[in-house]
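Please read the structure below before turning to the comments.
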Amino acid sequence: MSSSLKMVHRLNFYSTFPWTKAICLKLLPSSHCHITQHHSSSYRRPGLPPDNKPPWQKIDFNFEKGVQNLKKQFGLLKKEIVDHATGPGGKPLKEALEEQTTVVWEFRSPEDLEKWSVTSDMEIGGKSRTYIKLGKNNQTAFFYGTLNSEVPRDGETRYSGYCALRSKPLMGAFYRKLCYDWSNFNTLHLRVRGDGRPWMVNVIHDTYFTNQKDDLYSYFLYTRGGPYWEDVKIPFSKFFLSSRGRIQDEQYPLLLDKISALGLTLGDKADGPFQLEIDFIGLCNDRAHDEEFAYEKYKRNPQ
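Heads up: the sequence shown begins at 242 in our numbering, then just goes up one per residue.
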C-alpha cells in the first residue's frame, strides 16, 4: 500500500510545481523515484537511523536515458490521443456500452507480472516472505510464500504477519496517474485456486482530499483448497469502507469511475506456507444483482 500512497504524493507534488516534471524527464529519468521518497512519506522502519541525505545528492543525472525516456513518453501520449478519439478505453462507444464482461488483468507473460508488486511485513521488520512467478505453462500467476506473525523486537511494532499482492497504479504519458472506469459493471470476477486460506480483496479509489488517502474498500475471499479452480464473483455493493484497518461507521459506495488499484491481502495469523494461483481478474455486469449498497448509512444526530 505504501508504494501507491507514494505515487499519489508524487503526482500532487508535480501538479503543484509542473516545471519539476519537465526537468526530471529531460535530465534524470530515474529521479522521480528519489523525489518520491523524499516528499511522499516520513515512514521509517523502527530501529533505523533517519535519512538526512539532501535530495539533490540522490539524483542520478543521465542525459542519454533522459532523451530515450522523453521519446517513450511522447509515444504513450500519441497512443492515449488515438484511444481517446476511438472511444472509452480505446474501444468504439457502442462496444463499450454493450460490454458485459471484460478481463482487466491476466497473467500470460513476465510483462503481466510487472504490473503487480508484492509486499509483506518485512517492511516493518517482520519475517514473512512473499514471491510471485508465472504458473504452469505460463498461463497463471503463482503467489506464494511463508506467513510469520512474530512481532519484531524493536519496542515500537505491536502487530505483524501479513502478505499482500497489489496492482501498480495505471500510469499515462509523462507519469500522469490514470484511473480505471468500472462504472459499466457491478461485479468483480476472479478465477483463483487457493489452499483454503481466507484472503481480503481490497479496492482503492482516488479520493478528493488528502485525509482520505488511507481509505480502503474490502471484502472477503474464501478459497476452498484442492485441485479445482473456483470462479468468485463479488458485487461491488458488498465492499465496505475502512481506514488504517478500522471499519468506518459512515459507509459510502465505491466510486467505480475512479479505481486506482486492486490488491489481495493474507493476514489470518496461521503461520506457515501459503499459495494462491490466479488465472485472471475481470469484471462482469450481473443483471440479476440489483442491490445498490449493502450497508446501512450511519447518520449522526438523526432528526
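Beta carbons are placed, not taken as given, at the ideal position from N, Cα and C, and that holds for glycine.
Ends of the alpha helix (DSSP H) at residue i?
i, result
"N379", "Per DSSP, N379 belongs to no alpha helix (DSSP H) and is neither H nor E."
"E533", "Note, E533: premise wrong, no alpha helix (DSSP H); not H, not E."
"A337", "334-339"
"P351", "351-354"
How many Å lie between residue i and residue j at the Cα?
i, j, result
"G523", "N293", "44 Å"
"Y533", "L462", "It should be noted that the sequence gives Glu, not Tyr, for residue 533. Spanning the two alpha carbons is a distance of roughly 21 Å."
"N303", "L317", "21 Å"
"A535", "L429", "15 Å"
"K454", "A405", "18 Å"
"F384", "N378", "15 Å"
"S401", "P439", "17 Å"
"M363", "G508", "14 Å"
"I373", "L505", "13 Å"
"M242", "R528", "Low local confidence applies: a pLDDT of 45 at M242 is under 50, so the model's placement there is unreliable, and no value is given."
"R487", "F515", "25 Å"
"C525", "E305", "45 Å"
"D545", "W297", "It is not possible to answer for residue 545, since the shown part of the chain is limited to 242 through 544."
"T381", "S361", "21 Å"
"E355", "G328", "27 Å"
With a cut-off of 8 Å on the beta carbons, I'd call residue i and residue j a contact; round off their distance for me.
i, j, result
"S484", "D456", "5 Å"
"E518", "R417", "Going by Cβ atoms, the distance from E518 to R417 rounds to 33 Å, so no, they are not a contact pair."
"K409", "W357", "7 Å"
"D472", "N389", "Their Cβ separation, rounded to whole angstroms, is 31 Å, which puts D472 and N389 out of contact at 8 Å."
"T398", "G366", "6 Å"
Report yes if the CB atom of residue i is closer than 7 Å to the CB atom of residue j, and no otherwise.
i, j, result
"S208", "D324", "Residue 208 is absent from the model: the chain starts at 242 and stops at 544."
"K368", "E391", "yes"
"H530", "P494", "no"
"F480", "Y449", "no"
"T387", "R407", "no"
Which first and last residues belong to the beta strand (DSSP E) in which residue i is found?
i, result
"Q309", "Unbroken run through Q309 is the alpha helix (DSSP H), 304-327; no beta strand (DSSP E)."
"E471", "471-476"
"G435", "428-435"
For residue i, which residues in the same chain have their Cβ closer than 7 Å to its Cβ, ignoring the five residues on either side in sequence?
i, result
"G437", "T464, R465, G466"
"E537", "none"
"F521", "V344, W346, E347, R432"
"L334", "G328"
"G413", "L317, E321, L419"
Grab me the residues of residue i's own chain with a C-beta within less than 8 Å of its C-beta, minus the 5 sequence neighbours each way, in chain order.
i, result
"G330", "D324, A337, D422"
"F315", "A414"
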